[in-house]
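If you count the sequence shown from 1, position 462 lands on 493 in the numbering used here, and the numbers rise without skipping. Quick reminder that beta carbons are idealized off the backbone N, C-alpha and C, glycines included. Everything on this sheet refers to the single structure shown next.
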Amino acid sequence: MSMNQHQGPAASLHQRTLPELLAWRIAATPHAAAYRHFDGGRNVWASVSWAEFGERIARWTRALSRLALPRGARIAILLPNSLDAVCIDQAALALACVPVPLHAIDNAASIAYILNDSEASVLVASTLDQWNSIVSVGQPLPALREVVLREITTATPPGGSGVPVIALAAWLARGEPGVTAQPPTEDDLAALVYTSGTTGKPKGVMLTHRNVVSNVVASLARVAAGPDDVFLSFLPLSHTFERTAGYYLPIAAGSCVAFARSVGQLAEDLKTVQPTILVSVPRIYERVYARMQAMLESSALRRRIFEVAVATGWRRFRRSQNLPIDGASSRMLDGLLWMLEGRAVSRRLQAQFGGRLRLAVSGGAPLSMPIARCFLGLGLPVLQGYGMTEASPVIAVNALEDNDPATVGRALPGVEARIGDNMELLVRGPSVMRGYWKRDVDTAQTIVDGWLHTGDQAAIEAGRIRILGRVKEIIVTSTGEKIAPVDLELAITADPLFEQAYAFGDNRPFIACIVVLNQAAWARLAAELRLDPAAPESLAASAARGSVLERIRALTKGFPYYAQPRAVWLTLEPWTIENVLLTPTLKLKRNNLAAHYSAQIEALYRR
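Okay, here's the thing in structure tokens:
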């Protein structure tokens, strides 16, 4: 079914704001399950109906209204994905206030900066330790009137910041009935979302109700969801991708959302919740793929069966999408091979995701082709999409019946896309932000004549968008060659040996890279090379570097010779948000990595 044929939930949506959308959903299906969450006290998964959710929001709205905040006041939310997180979000929206979602695992200095820059009136957070860490930064917060903490028992704990701090239970109990407030309009802000930024301070993206609701409607027109679907929510709700695709879209569709307990328990939660739709970044798919590859290492026969199943399934998938097929193979033979070997392997992959997954959306970063080929070949319908916070965020996504994994699909209905100077992708449509908070110059540079400059290089081929790399992340070597580092890094991390990869070489004579090795895979490789995997000097051994570089050259053999890394540095230290080498959306902070490894980089080019 193409996007023009779909007549599902999106076709009947006429609501203009998020509170209108929620009120419509509650009235339409009051007794259906809206959310599932793990009740630790009873050790069970509990469900909340749409009507019960509405009652919870009314209680939160009464408590928030007691402060008599003006329209447009900012409400900062520093909570993990949970009922509480969506309740304070909806309460703020109901009072025409503006949610400011914060990354729960961001560092205290960044959070303090956002609280000050947004002039937040209220902060809702989990623990006193979180708040104390923010206070310790020393950032003045003159606009902050109240801090509400979820995981404390004392109604008003002591604090030296001068800002009143109150326990959530006590805060909710003091709410007064009879709340009356003018609801938001479609031009009011629905969120102030700070971009993580690979460099510099984060910028607040102003998204209106019109922006978000239009993006929900357009996304539903491309990727149909309904009342029988179950989402598993684990990407942070501070991530615009999760807010729109994993939170507001299920409200429009009437789907149930289950909140995962933690990323560490995700594998278990997938099997318990058995979602039908998964909204994820590539990292989750990479982990499943790496586990599968590790299991195949012990048996050559098992690996051969797996490879035949993937190859057969990949040809079947490409036929179903009317995509060209390499090599000669008959439909009948592939059907027979699939029955003999493919189905069993496919069931094992599906079981990793709970066994009921009917579509998996991948966004936030590029999905490597080996993983897409594997999953699609084995019958797991992965749809790669593309977006950015400034577009609310979905710009393009593939569809189940129109899926070319080498691209990010077609622009959503109502969204225009074209190629500008330097092959930059430009976007125009109702989901494009109002602008950056208090940054008129940045806004004017990013939105020109109504077109959003994405900063990504792309090609539009037969209506589909193919992302080529970042305009500002193109490496230009001293020989004048231009290389997109993301493509190299994706090719390298397709091998389970490599957890992460960082390619560089700007103004240098050749490309080099630093790779984070998988601990278990490194132990096996070190044993083969007769090295002690626990000894730090083993990582610098010429045998280790030579073996790894040979592996990297094999992985990048499809690139021009000048793009293939000629030197490598090995590490077991993962790059994380906490050590400020990754953004909260798990992109590489290239400037930070360059500074962190400056000595090692210089050493590589002195060799």
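Candidates the options, of which the one nearest residue i by Cα
{"i": "alanine 123", "options": "Gly577, Ile142, Arg90", "result": "Arg90"}
{"i": "aspartate 357", "options": "Arg349, Leu367, Met363", "result": "Arg349"}
{"i": "threonine 508", "options": "Ala99, Pro596, Ala396, Leu521", "result": "Pro596"}
{"i": "alanine 493", "options": "Ala342, Ser245, Asp471, Val439", "result": "Val439"}
{"i": "glutamate 432", "options": "Ser629, Pro195, Leu390", "result": "Leu390"}
{"i": "aspartate 435", "options": "Glu328, Gly386, Ile491", "result": "Ile491"}
{"i": "proline 258", "options": "Pro281, Thr275, Trp162", "result": "Pro281"}
{"i": "threonine 271", "options": "Gln381, Asn112, Lys469", "result": "Asn112"}
{"i": "threonine 307", "options": "Arg346, Phe262, Gly295", "result": "Phe262"}
{"i": "leucine 146", "options": "Gly511, Lys234, Ile545, Asp537", "result": "Lys234"}
{"i": "alanine 186", "options": "Ala532, Cys544, Lys588, Ile197", "result": "Ile197"}
{"i": "methionine 370", "options": "Ala340, Cys405, Tyr533, Tyr316", "result": "Ala340"}
{"i": "arginine 102", "options": "Leu562, Asp219, Glu328, Arg374", "result": "Asp219"}
{"i": "glutamine 383", "options": "Asp300, Pro401, Asp452", "result": "Asp300"}
{"i": "glycine 416", "options": "Asn429, Gly408, Pro424, Gly410", "result": "Asn429"}
{"i": "valine 479", "options": "Tyr278, Ile498, Ala489, Glu455", "result": "Glu455"}
{"i": "alanine 107", "options": "Asn74, Ile315, Ala221", "result": "Ala221"}
{"i": "glycine 386", "options": "Trp202, Gly410, Arg334, Met363", "result": "Gly410"}
{"i": "valine 224", "options": "Ser192, Thr184, Leu199, Arg274", "result": "Arg274"}
{"i": "arginine 501", "options": "Asp487, Leu100, Met363", "result": "Asp487"}
{"i": "alanine 368", "options": "Glu338, Trp468, Leu380, Arg379", "result": "According to the sequence provided, residue 368 is leucine. The question's alanine does not apply to it. With distances taken between Cα atoms, leucine 368 lies closest to Glu338."}
Assigned secondary structure, residue i (DSSP; H/G/I helix, E/B strand, else coil)
{"i": "aspartate 120", "result": "helix"}
{"i": "threonine 239", "result": "strand"}
{"i": "aspartate 137", "result": "coil"}
{"i": "phenylalanine 265", "result": "coil"}
{"i": "serine 573", "result": "helix"}
{"i": "glutamine 36", "result": "Low confidence applies here, because glutamine 36 scores a pLDDT of 34, under 50, leaving its location unreliable; read the following figure in that light. Of the three classes helix, strand and coil, the one that applies to glutamine 36 here is coil, per DSSP."}
{"i": "threonine 230", "result": "Bear in mind that the predicted position of threonine 230 carries a pLDDT of just 48, short of 50, making it unreliable; the figure below should be weighed with that in mind. Threonine 230 falls in the coil class under three-state DSSP."}
{"i": "glutamine 324", "result": "helix"}
{"i": "leucine 110", "result": "coil"}
{"i": "valine 155", "result": "strand"}
{"i": "arginine 181", "result": "coil"}
{"i": "glutamate 609", "result": "coil"}
{"i": "arginine 539", "result": "coil"}
{"i": "leucine 172", "result": "coil"}
{"i": "aspartate 433", "result": "strand"}
{"i": "glutamate 492", "result": "strand"}
{"i": "tyrosine 279", "result": "helix"}
{"i": "lysine 618", "result": "coil"}
{"i": "leucine 562", "result": "coil"}
{"i": "alanine 13", "result": "In this structure the chain extends from 32 to 638, so residue 13 is not present and cannot be described."}
{"i": "lysine 302", "result": "helix"}
Counterpart residues of residue i in DSSP-defined beta bridges
{"i": "arginine 501", "result": "Asp487"}
{"i": "serine 393", "result": "Ser311, Gln415"}
{"i": "glycine 466", "result": "Met237"}
{"i": "tryptophan 600", "result": "Ile545"}
{"i": "valine 79", "result": "Tyr66"}
{"i": "tryptophan 482", "result": "Val479"}
Cβ shell of residue i (< 8 Å), same chain only, five flanking positions each side left out
{"i": "leucine 603", "result": "Val547, Leu548, Gln550, Trp553, Leu570"}
{"i": "tryptophan 76", "result": "Arg67, His68, Phe69, Asp70, Ala289, Thr303, Val304"}
{"i": "valine 458", "result": "Ala422, Ile426, Ala442, Val446, Glu447, Ala448, Trp482, Leu483, Thr485"}
{"i": "glutamate 217", "result": "Arg47, Thr48, Thr239, His240, Arg241, Val244"}
{"i": "isoleucine 136", "result": "Pro267, Ile608, Glu609, Pro615"}
{"i": "leucine 586", "result": "Ala522, Ile523, Ala525, Asp526"}
{"i": "valine 312", "result": "Leu266, Phe272, Ser393, Gly394, Gly395, Ala396, Thr616, Leu617"}
{"i": "arginine 637", "result": "none"}
{"i": "glycine 497", "result": "In the sequence under discussion, the amino acid at residue 497 is arginine, which differs from the glycine named in the question. Within the same chain, arginine 497 has close Cβ partners Ala437, Thr438, Val439, Ala489, Ala490, Ile491."}
{"i": "alanine 575", "result": "Leu556, Ala557, Leu560, Leu562, Ser569, Leu601"}
{"i": "leucine 613", "result": "Trp606, Thr607, Leu619, Lys620"}
{"i": "alanine 325", "result": "Pro527, Ala551, Ala552"}
{"i": "isoleucine 450", "result": "Leu456, Leu457, Ala489, Ala490, Ile491"}
Sequence-distant residues of the same chain with beta carbon closer than 7 Å to residue i, five excluded per side
{"i": "glycine 460", "result": "Gly445, Val446, Glu447"}
{"i": "cysteine 118", "result": "Arg87, Ile88, Trp91"}
{"i": "aspartate 537", "result": "Ile506, Val507"}
{"i": "arginine 205", "result": "Ala94, Arg97"}
{"i": "glycine 295", "result": "none"}
{"i": "leucine 44", "result": "Val248, Ala283"}
Cβ-based neighbour list, residue i, same chain, cut-off 6 Å, excluding 5 preceding and 5 following
{"i": "glutamine 352", "result": "Asn434"}
{"i": "lysine 513", "result": "Ile505, Val507"}
{"i": "threonine 60", "result": "Trp81, Gly285"}
Residue i CB to nearest heavy atom of the ligand FMN below 7 Å
{"i": "valine 178", "result": "Ligands displayed in this structure: none; no statement on the ligand FMN is therefore possible."}
TODO: Determine contact between the region 461–478 and the region 237–244, defined as no fewer than three beta-carbon pairs at a distance below 8 Å.
DONE: yes
- [ ] Assess, as a yes-or-no matter, whether the region 552–572 is touched by the region 521–534 under the definition of 3 or more beta carbon pairs within less than 8 Å.
- [x] yes
- [ ] Assess, as a yes-or-no matter, whether the region 128–135 is touched by the region 53–72 under the definition of 3 or more beta carbon pairs within less than 8 Å.
- [x] no
Task: At least three beta-carbon pairs within less than 8 Å, the region 621–632 to the region 150–160 - done: no
Task: Cβ pair count under 8 Å reaching 3, the region 83–102 against the region 131–146 - done: no
Task: contact_flag[the region 57–67, the region 288–304] where n(CB pairs < 8 Å) is 3 or more - done: yes
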